[in-house]
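Presented below is the structure to which this report refers.
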Amino acid sequence: MVIEQRWKKWVFFYVPLTLFMIGTLFPFYWMLITAVRPDAELYRSWRAVNNTPFWTLSPTLAHVQDLLARTTFPRWLWNTFFIAVVSTGISLLCGLLAGYALARLRFPMAGMLGTSIFVTYLVPPTLLFIPLADIIRNFQLGNTPWALILTYPTFLIPFCTWLLMGYFKTIPKELEECARIDGATRLGAMVRIIFPIAVPGILSAGIFAFTLSWNEFIYALVFLSSPERKTVPVGVVSELIRGDIYFWGQLMAGALLGSVPVALVYSFFVEYYVAGLTGSVKG
Amino acid sequence: MKRPIPGAAGSPASIEVALPHPRASRPVPLTRFLENERLLAFVLLTPTVVLLGLFIAYPFVMGIWLSLNSTSVGNPGQFVGIKNFVKAWNDSIFQTSFRNTFFYTFWATIFKLALGMWLALLLNRHFRGKRLVRASMLLPFIIPTVLSTFAWRWMFDPTFSVVNWVLYQAGFIVNKLPFLSDGAWAMWCAIVINTWRGMPFFAITLLAGLQTISPDLHEAASLDGANAWHRFWAVTWPLLKPVTIVVVVFSIIQTFADFQLIYVLTGGGPANSTHLLATYAYQLGVNSGLLSEGAAISLFMFPVLFAVVWIQLRYLRRLEGA
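Order-wise, the sequence lines are chains L and Y. If you count by this note's numbering, then the first sequence holds residues 40 to 322, one letter each, in order. If you count by this note's numbering, then the second sequence holds residues 54 to 375, one letter each, in order.
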């Protein structure tokens, strides 16, 4: 390998990497420190002599307690979780079936269908939310979790299909052919032979889809109206700000707690998530 | 007739083979129906096509129809042709948001690409704690944008901004910087936050691309006397270009259609100076109830997105053909 001098390694490697780390993580540290800071300290003039913005000597859980006891935050957590899990499930099922068909079966218009599914992957929700709100109203789905459970798959299915199709293509055809010679039906071979082998791909797609639905904002903002039915991102934006007043301690506590579930899921499955992320663009 | 089938004992499939005439003895119409490749494909694709048709194709067509009418909340309206588009085009807030959308997409994409590439090159080296560093670098991309944007908004708060505090203590400024109270400043703040959020995506995807490049190529180039800068442009970049283009296209689409970041950070203010097409469409279509005008403004995004997708599809085809 290329041999480097020590100072060069510091200047070109350690210093930039440390700066990247600080830049990336500082907002999260700031969320945390704000969430545990007492109000008296929070709103102190920026020129005050005793101002210590980077730490606090009297951390408090008052904001968190307030959030959990006096708002519908726990309810939002549950709503978000429920919607994310069900829409991920639907998308995985559709993606598995469609991905298998596109990767393995020969039928007319296969190429065109594959392309159009890929293209819908690139249609952003912001292009469709106004007419879609109308459609949701006509289907009597407005202000129910089903409005989101049925619309989230529109941006999850294309991605799941694309990812799983790529995965199926890497599985040798011979495995299936053996099973079919042994008398398995096409469907049987698909469900018993191919799907179990594709479990890592399914996990990647599932984790990625889960984080995407946890993140979704505009559909949830437009389709839901009662406070107790909202998801975490929408609830924090619309219910924790009263009038024009920002309760920053509570807001940051909400932002932190709302991020924990998705961060946990991510941290357990980092490798799968990365595989899904890189697979989602390479196809 | 009966053959030993290793590994398949006990499964229904093995029983079927053991019978002399499996089809005749156990007529299962549905199973036989699904043996036909075309029919099976049809069955497997139906749920996907129905969902995507119902919630993407149908709203898209309806959006076009809506934009050609004068519908608002409680008023079905009538056909007005392209009046909504003309009206939007002559609207000064629309013009600002149109320009902002391009400005925002352009700079944010440039920064994400440059910083993401740099970070990917750093992460491609061997060092202790690499997995942990890589995992924590992706955090901004995982955490809901709305929630992390709130943290940034608090960091840019007009009265209590920590950034102002640091700059003041360091002696760089005397008066507070108007992070979110000035339109031009606020736009740059949004670009910074978008870069912060999207850079990890670039870095991790480009890193995956970097890892497929054989170290031998770099070794050979350095033996020939190329320094790190030359090696990057002569070896890394040409091999990384296909991945880069796909990532850039993906990011352009996401950034061009962005909504949540601006909605939380400024809400389009101050004085409508930081609206993007999506936030302005929301303001007209949802807040003011002018459904048709909002739909028309959303549709202004379509030609650009279409062009980007088309270029990408052509590029992918060429790669496959090569």
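C-beta: ideal position from N, C-alpha, C; glycine also.
Could you pull the DSSP bridge partners for residue i from this structure?
i	result
asparagine 89 of chain Y	Paired residues: none, contrary to the question.
valine 122 of chain Y	Looking at the sequence provided, one finds asparagine at residue 122 of chain Y rather than valine. The partner list for asparagine 122 of chain Y (beta bridge, DSSP) reads Y:Phe132.
isoleucine 280 of chain L	L:Tyr285
Does any C-beta atom of chain L lie closer than 8 Å to the C-beta of residue i?
i	result
proline 193 of chain Y	yes
glutamine 148 of chain Y	no
alanine 310 of chain Y	yes
arginine 367 of chain Y	no
proline 112 of chain Y	yes
arginine 181 of chain Y	no
alanine 173 of chain Y	no
valine 215 of chain Y	yes
tryptophan 241 of chain Y	no
glycine 116 of chain Y	yes
isoleucine 305 of chain Y	no
serine 78 of chain Y	Reliability of the predicted coordinates at serine 78 of chain Y is poor, the pLDDT of 48 falling under 50, and no value is obtained from them.
methionine 170 of chain Y	no
proline 100 of chain Y	yes
tryptophan 205 of chain Y	yes
isoleucine 298 of chain Y	no
glutamine 313 of chain Y	yes
leucine 263 of chain Y	no
Compare the C-beta of residue i against all C-beta atoms of chain Y and say whether one is closer than 8 Å.
i	result
serine 264 of chain L	no
valine 275 of chain L	yes
serine 306 of chain L	yes
arginine 225 of chain L	yes
asparagine 254 of chain L	yes
proline 272 of chain L	yes
tyrosine 82 of chain L	yes
proline 211 of chain L	no
alanine 298 of chain L	A small correction: the amino acid at residue 298 of chain L is serine; alanine does not occupy that position in the sequence shown. Taking Cβ atoms only, chain Y reaches closer than 8 Å to serine 298 of chain L, which makes this a yes.
arginine 45 of chain L	no
tryptophan 185 of chain L	no
valine 238 of chain L	no
phenylalanine 146 of chain L	yes
proline 163 of chain L	yes
tyrosine 311 of chain L	no
Does residue i come out as helix, strand or coil in the three-state DSSP assignment?
i	result
phenylalanine 132 of chain Y	strand
serine 265 of chain L	coil
asparagine 182 of chain L	coil
asparagine 247 of chain Y	helix
tyrosine 191 of chain L	coil
isoleucine 196 of chain Y	coil
leucine 96 of chain L	coil
proline 147 of chain L	coil
serine 341 of chain Y	coil
threonine 158 of chain Y	helix
proline 211 of chain L	coil
aspartate 78 of chain L	helix
aspartate 144 of chain Y	coil
glutamate 310 of chain L	helix
leucine 83 of chain Y	helix
glycine 182 of chain Y	coil
glutamate 216 of chain L	helix
glutamine 313 of chain Y	helix
proline 235 of chain L	helix
asparagine 177 of chain Y	coil
glycine 320 of chain Y	coil
leucine 366 of chain Y	helix
leucine 203 of chain L	helix
From what residue to what residue does the alpha helix (DSSP H) around residue i run?
i	result
threonine 165 of chain L	164-177
methionine 60 of chain L	54-74
proline 295 of chain Y	290-309
threonine 327 of chain Y	That residue, threonine 327 of chain Y, is in no alpha helix (DSSP H); it is neither H nor E in DSSP.
alanine 349 of chain Y	344-352
proline 113 of chain L	112-143
valine 50 of chain L	That residue, valine 50 of chain L, is in no alpha helix (DSSP H); it is neither H nor E in DSSP.
glutamine 336 of chain Y	First-last for glutamine 336 of chain Y: undefined, no H or E at that position.
arginine 109 of chain L	101-109
leucine 282 of chain Y	Going by the sequence as given, residue 282 of chain Y is tryptophan instead of leucine. First-last of the alpha helix (DSSP H) with tryptophan 282 of chain Y: 281-284.
alanine 228 of chain L	225-228
Quick one: does the C-beta of residue i sit closer than 7 Å to a heavy atom of the ligand SAM?
i	result
valine 186 of chain Y	Judged by which ligands are present, the structure shown has none, so any question about the ligand SAM falls away.
* Curious, which full-length alpha helix (DSSP H) runs of at least 4 residues does the region 209-272 of chain Y contain? -> 215-222, 236-263
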